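>
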Amino acid sequence: MMSHYKNLTTAVGLLFLSAMSAMSVAAAREVVFLGSSGLVGSIALQGFLDSPNWDAVHLIVRKPVSTALRAHPKVHEVLVLDLANLANDPVVAPLLAKERSIDAAVSTLGVNEPFGWKLQRLVDIELGLTTAFARFCRDKLDVKYFGLLSMAGTDRENPLTAEDLDTELTYWNIFSLAPRLKGDIETAVLAAGIPYVAFFRPAQFETAEMRFGLIDYIAQYGSALFNFVVPWEWHSIPVNDIGQAMFQDADQAMDEFGSPGAPVTRESIKIYTDMKQLSAAAAAVGQEEL
């Protein structure tokens, strides 16, 4: 009787350990990240680093990350000097070996102050590099999810023209050109063919530090006043909520997909315009399904 009890106890214990092991494997997730050093990107990155659901965070960077970040057990730094040629750079070989093991990609790439630039230069950076990253993620890594930081008012119906590219960017014309550029970027991401795409379209960022002097004071305090009269998708939003929302959406998407490497059985394109509620409730609030 005692022997039978011991055998039963052993069997139950082995089943428990097997189940725990399976759960651990199922929870193993990896993300590849472009733009992790930026204001929003650094907040989203911290979500992946802090979460027990994610085992590895692959950072595509043009400049070395900090010593402390490089020492983090989850971080894999991929230093690529020519991001436009990302897919052909030998340093990405360790990522290529992980095809279908990296389920998610996030891009928060953006230029803060392009004033005085020709539009062509901004297009080369934001559109060119994001396009190269999205294609690499789909063609070489077969990722299932792509989260993109876009902007409020993004216009996919009015693409930039060759004549636009010679325009010098000013504080005044950026408001008409940037939404069209972001529209071209969203279109390029969709063309990459990644099955599950999420676009995050915040309006004015609310930050604790005024990074751009007087113009930042005017923009942030002015937006706070206009929040009472403008449609909610144009409300200013704390930058922490944007970054947290990008992490949370990727995390929730992985829950929907199931185990890492499992095929995606449906396609989804989502546009998030109310990241504050999404961040607070960890739910898809302020979301349009296309």
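Throughout the sequence shown, residue numbering follows our numbering, covering -3 to 286 in sequence. Virtual Cβ for every residue (Gly too), placed ideally from N, Cα, C. The structure displayed is predicted, hence computed values, not measured ones.
#1: For residue 26, which residues from the same chain have a beta carbon less than 8 angstroms from its beta carbon, with the 5 sequence-adjacent residues on both sides left out?
#2: Hey, how far is the Cα of residue 37 from the Cα of residue 238?
#3: Assuming residue 269 and residue 197 make a contact with CB atoms under 8 angstroms, what is their CB distance in whole Å?
#4: Tell me the rounded alpha-carbon separation between residue 72 and residue 234.
#5: Does any residue of chain C have a CB that is nearer than 9 angstroms to the CB of residue 182?
#6: Check the DSSP bridge columns for residue 306 and list the partner residues they point to.
#7: So within the region 120 to 155, which uninterrupted alpha helix (DSSP H) runs reach at least 4 residues, ignoring any that extend past its ends?
#8: Taking the beta carbon of residue 179 as the centre, do at least 16 other beta carbons fall within 10 Å, making it buried, or is it exposed?
#9: Pull up the CB-CB distance for residue 130 and residue 74, whole angstroms please, since I reckon it's below 8 angstroms.
#10: Hey, how far is the Cα of residue 65 from the Cα of residue 40?
#11: Tell me, to the nearest whole angstrom, how far the beta carbon of residue 121 is from that of residue 195; I am working on the premise that it is less than 8 angstroms.
#12: Got a sec? Which residues, its chain only, sit under 7 angstroms from residue 243 by beta carbon, not counting five neighbours each side?
#13: When DSSP builds the beta bridges, which residues end up paired with residue 164?
#14: Taking 9 angstroms as the cut-off, decide whether the C-beta atoms of residue 249 and residue 70 are in contact.
#15: Can you tell which of 82, 164, 138 has the C-alpha that lies nearest to the C-alpha of residue 124?
#16: Could you name the residues that DSSP lists as bridge partners for residue 264?
#17: What does the alpha-carbon distance come out to for the pair residue 170 and residue 155?
#18: Quick check: residue 145 and residue 103, are their CB atoms within less than 9 angstroms of each other?
#19: Please confirm whether residue 177 and residue 119 have their CB atoms less than 9 angstroms apart.
#20: Taking 6 angstroms as the limit between beta carbons, can you name the residues of its chain near residue 133, skipping five residues before and five after?
#21: Alpha carbon to alpha carbon, how far is residue 47 from residue 28?
#22: Quick check on this structure: which residue in 24, 35, 84, 91 has the alpha carbon closest to the alpha carbon of residue 108?
#23: Pull up the distance between the alpha-carbon of residue 264 and that of residue 191, whole angstroms please.
#24: Assuming residue 36 is part of the beta strand (DSSP E), what are its boundary residues?
#25: In terms of residue numbering, what span does the beta strand (DSSP E) encompassing residue 26 cover?
#26: In chain order, what residues of the same chain have a beta carbon less than 8 angstroms from the beta carbon of residue 114, not counting five sequence neighbours either side?
#27: Reducing DSSP to helix, strand and coil, say where residue 93 ends up.
In terms of the structure at hand:
#1: 50, 51, 52, 53, 54, 94, 97, 98, 99, 100, 256
#2: 9 angstroms
#3: 5 angstroms
#4: 29 angstroms
#5: Among the chains of the structure shown, chain C does not appear; only one protein chain is present.
#6: Since the first and last residues shown for the chain are -3 and 286, residue 306 lies out of range.
#7: 124 to 135
#8: buried
#9: Going by Cβ atoms, the distance from residue 130 to residue 74 rounds to 16 angstroms, so no, they are not a contact pair.
#10: 14 angstroms
#11: Contact doesn't hold; Cβ gap of about 19 angstroms is too wide.
#12: 40, 43, 44
#13: 114
#14: no
#15: 82
#16: 192
#17: 15 angstroms
#18: yes
#19: yes
#20: 101, 139
#21: 15 angstroms
#22: 35
#23: 6 angstroms
#24: Residue 36 -> not in any beta strand (DSSP E); alpha helix (DSSP H) instead, spanning 35 to 46.
#25: 26 to 30
#26: 161, 162, 163, 164, 165
#27: coil
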